[in-house]
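Quick note: the sequence shown uses this note's numbering, first residue 29, plus one each step.
For every residue, glycine included, the Cβ atom is placed at its ideal position computed from N, Cα and C.
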Amino acid sequence: MAGAEPTSRSLTYVGIFAVALSTLMLEVLLTRITSVIAWYHLAFFVISLAMLGMTAGAVAVFLLPGVFTDEKVPERLGQSALAFAATTPVAIGLAMAIPLLPIDGLMDFFALLAYGGALAVPFALGGITLTLALTRAGLPASIAYGVDLCGAALGCALVIPLLDALDAASAALVAAAVGAVGALCFGLARGPAGRRQLGSGVALSVALVGLGLSNASAEFPPLRPAWVKAAPEDPEGFEYVGWNTYSRVSVDKTIEVPPHMWAGSRLMPLELREPTPQRAIKIDGAAATMMFEHGDELDRHGHIDWDITSFAHQLRPDGPAAIIGVGGGRDVLVAAHFGHTPIVGVELNDLIVELHTEVMADYSRLTQIPGVELVSDEARSHMSREQRRFSVITMSLIDTWASTGAGSYSLSENGLYTVEAWQVFVDRLEDDGIYTVSRWYHPKSPGETARMLALGLEVLWRRGVEDPHQHLVLLQNFNVATLLLSPTPLSERDIDKMQKAAVAKGFTMLATPRRGPLHDGPLKQLWALDSQDALWAWTRSQALDLTPPTDDRPFFFNTLKPDTWLAHPEAVDELDVAFLGNLQATQTLVYATLVSLLLTLITVIGPLLARRRELRELGGRDLAAATAYFALIGLGFMFVEIGLLSRLNVFLGHPTIALAVLLGGIILFTGIGSLASVKLPLERGGKLARLYPIAPFILVVSAVLASGPLTQAFVGGSMAARVLVGILTVAVPALGMGLGFPLGLRLVQRRRQLDGGPELGPWLWGINGAAGVCASGLALGCSMVWGVPVTLAVGAGCYLLLLGCTWHLGR
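Dropping the structure here:
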């Protein structure tokens, strides 16, 4: 490789490791921060823009050969790493100071670009560092790239304890300090010539750690989100704030107002409307629930019986009960008020469980109610292992709108709204038990309600039920609909009791075993369907995608079809409950992908025009083959990664474990594959050089084919068993995918030595990164429309297409 070698290779590798670790940690932390400041779909857009900064850094190295001459590369490594660490706090501060609004006009879009641009600055500088290290530092590409990926994999793991100890902004300062350590190592690698960088690296790393710790220990942290969901935030209004890799949980100070209801009855007695002490729990500043004071004093909370989400207890008022999503404890109080015991509350978010068991145990007192058990676990995984059966299982309005660290478009609740998940929950019911789910209702276009009903019908048909309508009740009050599903037909006595209770509470009976919806519209058409085939045909024909979500397409909330992706936002809002933003989320994904494609096009054309005379020496075919090669491995890697993450996120359940095991595992084993690639002697014999893509293709296909049966076989296993299956599933394809970048770089370098031409390494690294950014949106869109198996097939196909490139480059 071209470039001047640093004095110490080992220290240079440590520097690469540190900078890669720091950039990955920063990416995850910015996903969390942006999900708090904006909405999860905007977080995806912003992070895409920020990660394009890495590509910009690579292109800068290619376009400015005079700045990055061979003899200056060791010095530039330290300078760019130091600049990366120094600009990170500034970028974080700017991001937290900019209010982000939904994109309703051009100026909102420019504000979003400015936000993403601010975050892109440190990533661009980090991109310069890693581009120089991988392509210009005279290091073996396989080892340098492997070290880079191993550092990034460790960053996935380290961000978890860091967020347990610090808030995201403070953690970002500590992550930047690791980047400064990288600069320190690059300075040491230069020997005496690097003393200045050495001193600067030490000073900056110490300062950043000190700032991070002092910010975290402050009562009101100076560096914090100033705006949350377009509204100014006052930290003095909080009783508690906690962070983890998939949420920020905040609890407001106590207020005394009429009890908060999801959809309370208009017939509720006046004495139950009296103000009562309560605290708002918010996830990422948006998804809110109320914690009522002293839950063990059940007589104080009679109002909860008048909420439509509590209706199932009118039919099954006793026996064991399970709650999916404890939140503020409302559903636990309802079950206790009716007399259920035991009451098992399963809550994914350990911070919320800690509120009830430790932090605010004296206020909540849920655990002082006899028979109440609170479990910190993913509900589907827990219910797969649960041996008890329940008379009522409740899942009321479970949505967080919070981006997980494993991917800014990944919602932790996706796996709860699939056919396979509901089958698990129904299997845990007593023979006459009731599974009840509540979702938002829009009278003119009941998207979520209709999809919920379709999901219930599909589950019953898969269980062999001839007439599922005898097992279902659908009620509605204001903008909430509640579905009741029983594994056995509801009795005449049940229906009489339900009708009497619904009239007493003032709830509308949308559909019962005795009659379907009275008003014409989607719900009436849906209820009239008499077969599974008719269900799928009808749901596919609607303006919104109302097909029952499965584990292969676990996107309950994203119902927008491709033919309306580019429709005007106002027209989209009319299709469902606008405040949810789920349809806007899909549109934003499309816009983000289009912008990424446009920027990638600029990335390709700009450098070609700027250095077109030199590139002519390389030859058009060689250039096209090299460009296609690095674009394909970027696309293929992301399609496989996102496909496996979508499938295995549901399997593992917990987003923190998904971050450490899946995302970290894919990156780690890709790094190991890169390190192993040095053993492949491409220079001896053209066949190996031309045919090696068959290896990653076979490994990817093998993992894809095995992942389905493996996850089905171990879905009810222990977490340790599922983690091992998850690691094995991602390790096999990742080892093959790790061969791509270093072997491709060696092939291109050999062509350059034979035919002449400019050093393409930095530009090809940029192409690879830009293609990966584009692929993140393309792969998600593919999964939403055609399902995860198609996404994985496209990823495998990209590696097969590499044969055309290697056939030319390996001549």
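In the three-state reduction of the DSSP assignment, I426 falls in the coil class, being assigned neither a helical nor a strand state. Secondary structure of L251 (DSSP, three-state): coil. Secondary structure within the stretch 220-267: the alpha helix (DSSP H) runs of 4 or more consecutive residues, fully enclosed, are 223-245 (chain order). 8 Å or more divides the Cβ of L379 from the Cβ of F320. Distance between L167 and V101, taken at the CA atoms: about 12 Å.
Between the C-alpha atoms of L92 and V465 there is a straight-line separation of about 59 Å.
Counting the other CB atoms within 10 Å of its CB gives V234 a total below 16, which places it among the exposed residues.
DSSP links Y463 through a beta bridge to I421 and L513. Residue burial annotation: E375 is buried, with at least 16 other C-beta atoms found within 10 angstroms of its C-beta. By a beta-carbon distance limit of 8 Å, S338 does not contact D312. Their separation comes to about 26 Å. Between the stretch 39-47 and the stretch 209-216 there are three or more C-beta pairs closer than 8 Å, enough to call the two in contact. Comparing C-alpha distances from G768 to each of H368, A169 and P576 shows the shortest one belongs to A169. Sequence-distant partners of A84 (beyond 5 residues in either direction) whose C-beta falls short of 6 Å from its own C-beta, in its chain, are A152.
Taken through DSSP and simplified to helix, strand or coil, L629 comes out as helix.
The alpha-carbon of Y469 is positioned some 8 Å away from that of F506. Here I633 is exposed. Its C-beta has fewer than 16 other C-beta atoms within 10 Å. If you check the CB distance, T273 and L191 come in under 8 Å.
Boundaries of the beta strand (DSSP E) harbouring A539: T536 to A539, taken from the DSSP string. Minimum Cα-Cα distance from E414 among the listed residues A803, G745 and I755 corresponds to G745. Remark: fewer than three beta-carbon pairs, one from each stretch, lie closer than 8 Å, so the stretch 107-127 and the stretch 829-838 are not flagged as touching.
In this structure, A762 is the residue among R358, A762 and I332 with its C-alpha nearest to the C-alpha of V729.
When the beta-carbon positions are compared, L500 and G484 come within less than 8 Å of each other. Per the coordinates, the alpha-carbon of L617 lies some 43 Å from the alpha-carbon of R542.
A181 sits in a helix when the DSSP states are folded into three classes. Contact between L680 and G754 holds: CB atoms are separated by about 6 Å, below the 8 Å threshold. For G43, the enclosing alpha helix (DSSP H) begins and ends at R37 to I65. Distances from the CA of D580 to each of L716, K552, G106 and P737 were compared; the closest alpha carbon is that of P737.
DSSP places R675 in the uninterrupted alpha helix (DSSP H) bounded by G648 to L680. Contact check between the stretch 332-348 and the stretch 521-536: three or more CB pairs, one atom from each, fall below 8 Å, which counts as touching.
Here the alpha carbons of T59 and V74 stand approximately 9 Å from one another.
The Cβ atoms of T757 and A731 lie closer than 8 Å to each other. In the three-state reduction of the DSSP assignment, P150 falls in the helix class, which pools H, G and I. In the structure shown, V760 adopts helical secondary structure according to DSSP, grouped into three states. Per DSSP, S519 lies in no beta strand (DSSP E) segment and is marked neither H nor E. Considering only G772, I685 and I694, the residue with the shortest C-alpha distance to L716 is G772.
According to DSSP, residue pairing for M319 in a beta bridge involves R307.
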